[in-house]
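Residue numbers (the UniProt record's numbering): 1 to 71.
Using N, Cα and C, we set each Cβ at its ideal position, and we do this for glycine too.
Here is the structure we will look at.
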């Protein structure tokens with residue numbers, strides 16, 4: 001078998017591995033949440049752009065009606 005020192009070193013190595021896995025898992029979670037936030041922001045911007053486009057079309061339509069009424 002191993003000495004007490006060998007056992008302690010082995011336990012330290014196991015703990016290091018667990019800590020690395022834990023940190024990596026936390027990093028992945030943060031990365032995923034950042035991706036989700038970025039995606040949500042892009043979708044909101046697209047919706048705002050779509051809303052603005054619709055407003056522009058509506059405004060143009062109003063202008064055409066005004067011109068037709070004047071004639």
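Determine the direct distance from the alpha carbon of residue 40 to that of residue 14, and round the result to whole angstroms.
39 Å
According to DSSP, is residue 2 helix, strand or coil?
coil
Straight-line gap, residue 4 to residue 12 (C-alpha atoms, nearest Å):
If you take the alpha carbons of residue 4 and residue 12, they lie about 12 Å apart.
Who are the Cβ neighbours of residue 18 in its own chain at under 6 Å, not counting the five residues just before and after it?
none
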